[in-house]
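Here our numbering = 1-based position in the sequence shown + 625.
What follows is a single structure, written as structure tokens, with notes after it.
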Amino acid sequence: MTSIVKLEALSGVQDDGPLCYLLQVDDVYFLLDCGWDGSFDMAYIEAVKRRIPKINAVLLSYGDIPHAGALPHLVGKCGLKCPVYATVPVCKMGQMFLYDWVQGLVSAEDFGFFNFDDIDQSMRYIQQVKYTQTILLKGDNGLQITPYPAGHMMGGAIWKITKMGDEEIVYAVDFNHKKERHLNGCTFDGIGRPNLLITDAFNAQYQQPRRKHRDEMLLTKLLGTVREGGDVMLVIDTAGRMLEIANLLDQLWQNIDAGLMHYNLVMLSSVASSVVEYSKSLIEWMADKIQKNFEVERKNPFQFRHVQICHTKMDLHRLRSPKVVLVSGLDMESGLSRELFLDWCAAPQNTVIVTGRSGERTLASKLKQMVDDRENGLTPRTAIKLEIKRRVYLDGAELEAWVRKKKEEEQEAMRQRLETARRNARLEYADESDDSDDEDTLAAVREAAATGANNYRKLGPSKKDYSQRSTKSSVLWTYEPQQKSSFFKQNKRSFPMFPHHEHRIKMDAYGEVIRPDDYMTNDGTVPDLPSDFGQDAQHSEEAEAAESEPKLFKPLERPTKCVTMKTKVQVLCKVEYIDFEGRSDGESIKKILSQIKPKQLILVHGSPQATAHLAQWAKDMDIVQGNVFTPNLGETVDATIESHILQVVLNEQLMTSLSFQKVKDAELAWIDARVLRRIENNQIVFEPLVGEKLKALEAAKEEEEEVPPVEAMEVDEDADADAEAENVAPAQRRVEDTNVVEKLYLEMLSISEIPPHQAVFINDPRLSDMKQFFAQEGFQAEFSCGVLYVNNVVSIRRNEAGKFHVEGCLCEDYYKIRDIVYNQFAIV
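See the structure below:
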């Protein structure tokens, strides 16, 4: 079944920016990755936000920032609520990527695009899947998605989207076909010749060094620096390629001949311990060699012997130098990698090793440019202009202003609490007054019963009388024995007493409830009370001494501010670039494309030169049967194989008249109908008619004729009825919205108009299967020279074109055999 397939490039085309693409398969929309970067481009976010209502699913290839950085913002701030599909490591390590990224940003600036709660909320929408697991999407669209190993990072996925089990769409970016120390390479075993392949051209013109040469170069740089007393800083990501380098260096430190055991090996990241613990539990997602060693010898490659974990620079400073530090933050725009570089770049004995490429205009890209200039024989510039952001503590007048503002906020909060308590106290007092009235009423009832007064109307004193009597506390009540008498006989004598209202004490978990009226001053203001007034406090001597000391702020709430300054930084340390990206190079990508041979190809995520180079190569080598697309930013490409596909609407009358025949997993029917094109308006509004337009309408009513069109708008006599239905004035006209939609409809033909057609037999049965069917029905069937003979009466053969020929004598068995043959087909 042919589908409508379109791809819209939202980000990550013709450049090395974050990846995000909107794939349409018929009426289902997939968001392929949703990365972000330190530039925080809101135009890209707005483009995704406008399309959120129609997105059905999100497919994540990796958990790093270029592939999943915008997910918390889309979920927490933009209302993305569709299922997000990712493997187990991508979900866990992606959370670590986002935690570390936000922590680095918050430590230096006021970051408000999303927070840790948004990250946790986005993780709850992720549905964790395993490799080669087929997931059927909700609805009757018949779409299935399947992840395959992609290498590069733990849990990385190549996504295959299948329509009815036939058409295949493959999304494969940043994959790595080579086996590494802790990962297997990517695999395309479960992928045939896809109808559409979406892949990247990031390394189309790049040739990687050999793995042995790369490892030797790294060891040489490390030994040369630490033996001179310098420190080495390896810039790497948080939870992806960090594991590969940490595993490599831990093995180097175990080698006595390398001579590195005397130096400290550190993993510096705000989530380093969590990354290591998570990686220990993901053995089944690693290389086959690691799984075998774990099953036999119970060896975990991430049970490090020499790698020390540090979460802050303070922890790092406690370790003696020389040391080798794996620090997170590949672009070096924020976080610990940027802070550590600013501390170490002025020392000539130190070395900074960049292990991967990042976006343009980042600090890591500037350092790599210095390396490229040096290798090309140019003199690199040692001065770099940087925008330094720091969070500093408040001091002086700013601190006093903050303390004053904090005090005012506490006083306002205290005033609101006291006001709330005052209202509650009034309500309690009213309840107590009602209770007192009930007691007086009960006493009056008893008095009426004792005296036998049937005409007693006033059952008790009113609230007004009670308040007047309670104010005259200096005068005794009149002693009237008959008023104090009761229905029951009392032995004790009652004596007069002053009017008294007993206030019942209300208690809560902290003790007696404070009445604010008792603490009001004469001018009616609230006194300056401590914030913990009315709460249960410990009155020990130590507590009183601690409370007596003045405290301007709590230690965890020490006020800070963010400062930004632009300066030139002199890079006096040694700068190196060693490729540990773990991606397939250009030669390998071309070989993979030659093996897959997709029918159509879309190239994304690469420089304009690399994208054009790979597209031209695919055309010259005739790798692709159809088109090779290289979309620009915001462009939508139509990758539908059949260009004459049209969507039409079937009415209920036509649907009920169809006779469907089931074939395998589909149902077919023959339709004879007429195609009609209708124009529908999305919105109808009314606008008042004034001046000449109103006169024209009145004249039309008098003459009972239609008014000619005015300004391409139709004025209809039925507008009055429509206006009355819409509760508007009759003297208005209907204005059709300019946003019109053209739809195609199928209209049912009459019986006389339906043309005759030959019967169509749909299926592809085999003669061997038919032999079994005949045997089940009691017929004798045998093969002879490729012809099936049934009861020596009928012969069934198949020609080169695939058509069946049934020949035999006209008898009762012939018609029975022919019916059995017909039952193997869907006839429409």
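Ideal Cβ positions, reconstructed from N, Cα and C, are used throughout, including at glycine.
In this structure, phenylalanine 738 places its C-beta atom within 8 Å of the C-beta atom of histidine 698. Using a Cβ distance threshold of 8 Å, leucine 1371 and leucine 822 do not count as a contacting pair.
Residue pairing from DSSP leaves glycine 637 without any beta-bridge partner.
Histidine 931 sits in coil when the DSSP states are folded into three classes, being neither helix nor strand. Counting of Cβ neighbours within 10 angstroms places valine 1017 among the exposed residues, the total staying below 16. For the options Leu844, Pro772, Thr1281, the alpha carbon positioned closest to that of tryptophan 878 is the one of Leu844. Distance check between glutamine 1250 and each of Asn1257, Ile1266, Ala1235, Val1262 places Ile1266 closest, using alpha-carbon atoms only.
If you draw a straight line from the Cα of valine 798 to the Cα of isoleucine 783, it is about 7 Å long. For the 8 Å CB-CB criterion, alanine 871 and leucine 951 form a contact. With a cutoff of 8 Å on beta-carbon distance, methionine 892 and valine 932 are scored as near each other. Relative to the Cα of isoleucine 1203, the nearest Cα in the group Thr771, Gln769, Leu992, Glu853 belongs to Leu992. Between serine 983 and leucine 730 a beta carbon distance of about 16 Å is seen, past the 8 Å cut, so the two are scored as non-contacting.
Note that the C-beta distance between glutamate 1012 and lysine 1191 is below 8 Å. Contact check for threonine 850 against valine 857 passes: the beta carbons are separated by less than 8 Å. In the DSSP annotation of this structure, the continuous segment of the beta strand (DSSP E) that includes glutamine 1195 starts and ends at 1185–1195.
In the structure shown, isoleucine 690 falls within a helical segment according to DSSP collapsed to helix, strand and coil.
Contact annotation, histidine 802 with serine 1213: C-beta distance approximately 6 Å; criterion of less than 8 Å satisfied. Beta-bridge pairing by DSSP links phenylalanine 655 to Leu648, Ala682. Between asparagine 1417 and phenylalanine 1404, the gap from beta carbon to beta carbon reaches 8 Å or more.
Distance check between glutamate 1025 and each of Thr1185, Thr824, Val1273, Leu632 places Thr1185 closest, using alpha-carbon atoms only.
Cβ neighbours of aspartate 913 within its own chain (closer than 7 Å, five residues either side excluded): Asn809.
According to DSSP, residue pairing for valine 860 in a beta bridge involves Val952, Val979. In the structure shown, tryptophan 661 falls within a coil segment according to DSSP collapsed to helix, strand and coil. When secondary structure is reduced to three states using DSSP, threonine 845 falls in the helix class. Straight-line spacing of the CA atoms in proline 714 and tryptophan 910 works out to 8 Å.
Sequence-distant partners of lysine 679 (beyond 5 residues in either direction) whose C-beta falls short of 6 Å from its own C-beta, in its chain, are Tyr654. For proline 691 against glycine 663, the beta-carbon gap comes to about 11 Å, at or over 8 Å, which does not count as contact. The C-beta of leucine 955 has 16 or more other C-beta atoms within 10 Å across all chains shown, which makes the residue buried.
Three or more beta-carbon pairs separated by less than 8 Å link the stretch 715–722 to the stretch 742–757, which places the two stretches in contact. In this structure, the beta-carbon distance from methionine 1395 to valine 1431 does not fall below 8 Å.
Classified as exposed, histidine 942 has fewer than 16 neighbouring CB atoms from the shown chains inside 10 Å of its CB.
Apart from the 5 residues on each side of it in sequence, aspartate 1438 sits with its Cβ closer than 6 Å to the Cβ of Asn1416, Val1418 in its chain, given in chain order. Taking a C-beta distance under 8 Å as the contact criterion, leucine 1228 and alanine 1240 qualify as a contact pair. Per DSSP, the beta-bridge partners of leucine 1301 are Tyr1370. According to the DSSP secondary-structure assignment, tyrosine 756 is paired through a beta bridge with no residue. Leucine 762 and tyrosine 710 have their alpha carbons spaced roughly 11 Å apart.
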